[in-house]
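Read through the structure below, which is laid out as structure tokens, and then see the notes.
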């Protein structure tokens, strides 16, 4: 076997893959609704640009470096075991996998990881969706906002909208949230107010053409085709916009996606929602997660976020956390810091590598 053939067979694994190198892989293998989150500008990517990659954030904690993986590896299922093994062997620091689904847990268990439930993803099958029934009364109310309040929703490119208005709405919206001074990340993707590959943007305006709110949708794929969109960024003018505006935008976008033949709308993950025991899990991690869901809403609106998503009455899928020889305190601290729930995350700056920014 030649050296070239051996490299193709084993993979040319390395750190530092660029977003441009990873986009074709996401387009082919990015089946998870959070696959686009791997393109966040402040994360690192390990893999082979021909075969697949794992994205992670190296977080500096009181307990040392922890690499937080926040989505499924992006690769063919047959490549995943080798990709995970190479990543764990070649990247320094301890690994913590979060936001993964059951397509990954088996391979991680084989590598010695313990699997815990960490939350629920909510998604809607667009062709089968309607707003009929008592349990969707609030959605029907939101769907009528256009007629009642003379609102309209337009899909636009970012360059067609005043960036200052978008940023102003985003800043003011954040002031009404638990985390006010910076954007959350990893299990969500911070807003980008310029045009991005594949991202769809829907904006709501009043009768005087004032911008009231917007929703940005990230695509997910199967075999090169878009099969769904994730409602990732949802922002509204909290003083000028009517109640239900964001649902109104989502419903209008869903009508557009339906006409295009798109199958799914994902509402994203609700962290810590519906945490139950899974075979072989860490019971202490489970109990801490359940406690935070019930009593940690001063840190993050766990319960209200889940409530909003359940109103769509969509499909619910369990997502998981995977740990290996990691204390419960270290797991909790790393995730709360890495996602930005407890202060702006402190990401490791590799020596001599200016391409990896440290968020302020």
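Residue numbers (this note's numbering): 1 to 360. Glycine included, every Cβ here is placed at the ideal spot set by N, Cα and C.
Give me, in chain order, the residues of the same chain whose beta-carbon lies closer than 7 Å to that of residue i; leave out the 5 immediate sequence neighbours on both sides.
i: residue 389; result: Since the displayed the chain opens at 1 and closes at 360, residue 389 lies outside it and no answer follows.
i: residue 222; result: 31
i: residue 156; result: 201 and 203
i: residue 434; result: Here the chain covers residues 1 to 360 and nothing more, so residue 434 does not appear.
i: residue 277; result: 286
i: residue 275; result: 117, 286, 289, 290 and 293
So residue i is in the alpha helix (DSSP H); what residue range does that whole segment cover?
i: residue 245; result: 245 to 260
i: residue 84; result: 80 to 90
i: residue 129; result: That residue, residue 129, is in no alpha helix (DSSP H); it is neither H nor E in DSSP.
i: residue 26; result: 19 to 29
i: residue 145; result: 145 to 149
Would you list the residues sitting across from residue i in a DSSP beta bridge?
i: residue 53; result: 47 and 74
i: residue 326; result: Answer is none; residue 326 lacks a bridge partner.
i: residue 203; result: 154 and 214
i: residue 365; result: Shown here, the chain extends from 1 to 360; a query on residue 365 therefore has no answer.
For the beta strand (DSSP E) containing residue i, list its first residue and its last residue.
i: residue 119; result: 114 to 125
i: residue 220; result: 211 to 222
i: residue 340; result: Where residue 340 is concerned, there is no enclosing beta strand (DSSP E), given that its DSSP letter is neither H nor E.
i: residue 403; result: The question about residue 403 has no answer, for the chain in this structure spans 1 to 360.
Which word fits residue i, buried or exposed, when buried means at least 16 other C-beta atoms lie within 10 angstroms of its C-beta?
i: residue 13; result: buried
i: residue 225; result: exposed
i: residue 10; result: exposed
i: residue 27; result: buried
i: residue 122; result: buried
i: residue 17; result: buried
Taking only beta-carbon atoms, is residue i less than 8 Å away from chain D?
i: residue 231; result: In the displayed structure, chain D is absent; only one protein chain is listed.
Any heavy atom of the ligand MN closer than 7 Å to the CB of residue i?
i: residue 71; result: This structure simply doesn't include the ligand MN, nor any ligand for that matter.
Among residues of its own chain, excluding the 5 on either side of residue i, which ones have a beta-carbon nearer than 6 Å to its beta-carbon?
i: residue 63; result: 330
i: residue 257; result: 126
i: residue 248; result: 142 and 145
i: residue 251; result: 143
i: residue 322; result: 97, 108, 113 and 115
Take residue i and list the residues in its own chain whose beta-carbon comes closer than 8 Å to its own, dropping the five residues that flank it on each side.
i: residue 281; result: 114, 115, 116 and 117
i: residue 364; result: No answer is possible for residue 364: the residues shown for the chain start at 1 and end at 360.
i: residue 241; result: 204, 212 and 213
At least 3 beta-carbon pairs within less than 8 Å: the segment 67 to 80 vs the segment 31 to 47
Counting C-beta pairs with one atom in each stretch, the segment 67 to 80 and the segment 31 to 47 have three or more that are closer than 8 Å, which means they touch.
Three or more C-beta pairs under 8 Å: does that hold for the segment 308 to 316 against the segment 101 to 110?
no
Can you confirm whether the segment 166 to 175 touches the segment 233 to 248 when touching is taken to mean that 3 or more C-beta pairs between the two stretches lie within less than 8 Å?
Touching, per the Cβ criterion.
Inspect the CB distances between the segment 35 to 44 and the segment 173 to 189 and report whether three or more fall short of 8 Å.
yes
Is the segment 137 to 148 touching the segment 322 to 339 in the sense that three or more CB pairs, one from each, lie closer than 8 Å?
With a cut-off of 8 Å, the segment 137 to 148 and the segment 322 to 339 do not count as touching, because too few Cβ pairs lie within range.
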